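Number of protein chains: 2
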Amino acid sequence: MANLEKEPGFPFYVVSRLISQAYREPLESLSLTYPQYLVMLCLWEEDGLMVSQIGERLSLDSGTLTPLLKRLEAMNLVKRERSEKDERKVGIQLTYPGKSLQSKASLISSSLDAVFANWAEKDKSKLEQLMNKLLESLKSHSQKF
Amino acid sequence: MANLEKEPGFPFYVVSRLISQAYREPLESLSLTYPQYLVMLCLWEEDGLMVSQIGERLSLDSGTLTPLLKRLEAMNLVKRERSEKDERKVGIQLTYPGKSLQSKASLISSSLDAVFANWAEKDKSKLEQLMNKLLESLKSHSQKF
DNA sequence: TAATTTTTGATTGTAAACAATTAAATTTAT
DNA sequence: ATAAATTTAATTGTTTACAATCAAAAATTA
Numbered sequence: 001m002a003n004l005e006k007e008p009g010f011p012f013y014v015v016s017r018l019i020s021q022a023y024r025e026p027l028e029s030l031s032l033t034y035p036q037y038l039v040m041l042c043l044w045e046e047d048g049l050m051v052s053q054i055g056e057r058l059s060l061d062s063g064t065l066t067p068l069l070k071r072l073e074a075m076n077l078v079k080r081e082r083s084e085k086d087e088r089k090v091g092i093q094l095t096y097p098g099k100s101l102q103s104k105a106s107l108i109s110s111s112l113d114a115v116f117a118n119w120a121e122k123d124k125s126k127l128e129q130l131m132n133k134l135l136e137s138l139k140s141h142s143q144k145f
Numbered sequence: 001m002a003n004l005e006k007e008p009g010f011p012f013y014v015v016s017r018l019i020s021q022a023y024r025e026p027l028e029s030l031s032l033t034y035p036q037y038l039v040m041l042c043l044w045e046e047d048g049l050m051v052s053q054i055g056e057r058l059s060l061d062s063g064t065l066t067p068l069l070k071r072l073e074a075m076n077l078v079k080r081e082r083s084e085k086d087e088r089k090v091g092i093q094l095t096y097p098g099k100s101l102q103s104k105a106s107l108i109s110s111s112l113d114a115v116f117a118n119w120a121e122k123d124k125s126k127l128e129q130l131m132n133k134l135l136e137s138l139k140s141h142s143q144k145f
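Residue numbers (UniProt numbering), protein chains in the order written: chain A, 1 to 145; chain B, 1 to 145.
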């Protein structure tokens, strides 16, 4: 494993995919994918966000978000409405079913609890802290976000 | 941010994508994507691996690897040869251009150095340690890997 | 041996992810 | 005011990523 072990990015790549997989089963009850769930979390926090604002929060661009939001619209969870003031902007509004889904979603965020079950609290909080630090470092070196 | 902040998986999701983006520019000189680069790393470490063995090392299944390997074959970096002993198995051999590419690849693993430049050595090693621990925890809860 | 199960990779279909480009509207500068 | 630059989202094309299924071969069991 000499080569792969020298790649500092590799564990992050695998961990991210395994986490998405861990969310898959719990999210089936909402018929959402993991990225769709994250978009819904944004909107439950603040309804009526512009596409660009969702993109800022999730570090995703319109090439990813536009089709994803159209799928959420097709599921009748959101409405996409072009702003009248600035017709470049598209606001994303939760529909009633979209708002209602939040109650079902409260259990999802504990999907990783089993994974961390036998972890020391200290390690969990340290990892969280270092991941946030890394996120900031990466963003400050990123052109896009 | 109340909702997103409660999602323990979110930072891993963003970090992984920002890391892939950070590798994009350095990897352009090899005309490789990040996942293709990881496959090549496996093969530079051990030539002639079966598809399933690459999948184990990278936690990827054949639905991802088969088309990726066909692209590497189209680039003349690998050959795919069905085993004579067990005709279900397909061995992946490096071509001469595939082997030669390794010399150009030595610089790639330092693509994140700038990101970690002002990090304390202690934090870096702690993060690496905790990520490997998390990887093991996730794998032990995974059906697939 | 014959039937069943497992292994292995390929295929199909859907959904992200993102670079590059386009189009339209707004803002800024001249 | 008008030209140039910026913002914003959509579009296009390529590449992952993965579930589900299939087919063939091999290994196991009856």
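Glycine is no exception: its CB is placed at the ideal position from the N, C-alpha and C atoms.
These figures come from a predicted structure and were not determined experimentally.
The beta-bridge partner set that DSSP reports for R80/A consists of I92/A. A buried status is given to A22/A, since no fewer than 16 other beta-carbon atoms sit within 10 Å of its beta-carbon. Interface flag for Q93/B against chain A is unset, since no Cβ pair is found closer than 9 angstroms. In this structure, S59/B lies away from G9/A, with their beta-carbon atoms at least 9 angstroms apart.
Taking the beta carbon of I19/B as reference, the chain A residues within 8 angstroms of it are G9, F12, Y13 and L138, listed in sequence order. CA-CA distance, F116/B to V15/A, rounds to 19 angstroms. Shown here, L49/A sits in a strand according to DSSP, grouped into three states. Contact annotation: the segment 34-45 of chain B does not touch the segment 136-145 of chain A, with fewer than three C-beta pairs closer than 8 angstroms. Contacts with chain B at 9 angstroms (Cβ-Cβ) do not include S29/A. DSSP places A120/B in no alpha helix (DSSP H); its state is neither H nor E. With fewer than 16 neighbouring CB atoms inside 10 Å of its own CB, P97/B falls in the exposed class.
By the rule that beta-carbons nearer than 9 angstroms mark a contact, L72/B does not touch chain A.
Listed by position along chain B, the residues whose Cβ is nearer than 9 angstroms to that of L41/A are N3, L4, K6, E7 and F10. Of the residues N118/B, K99/B and K122/B, the one whose Cα lies closest to the Cα of E136/A is N118/B.
Counting only the Cα atoms, V90/A lies some 44 angstroms from A120/A. Interface flag for V115/A against chain B is set, since a Cβ pair is found closer than 9 angstroms.
Per DSSP, reduced to three states, the secondary structure at E7/A is coil, with no helix or strand assignment. The C-alpha of P26/B is placed about 17 angstroms away from the C-alpha of K139/A. Using a Cβ-Cβ cut-off of 9 angstroms, R57/A counts as an interface residue toward chain B, since at least one Cβ of chain B sits closer than that to its own.
Under the Cβ criterion of 9 angstroms, K89/A is not counted among the residues facing chain B.
In this structure, the straight-line span from the alpha carbon of L134/A to that of Q102/A is close to 30 angstroms. For the set L107/A, M131/A and M50/A, the Cα lying nearest the Cα of D86/A is the one of M50/A. Collapsing the DSSP output to three states places Q143/A in coil.
Boundaries cannot be given for T33/B, as no alpha helix (DSSP H) includes it and DSSP labels it neither H nor E.
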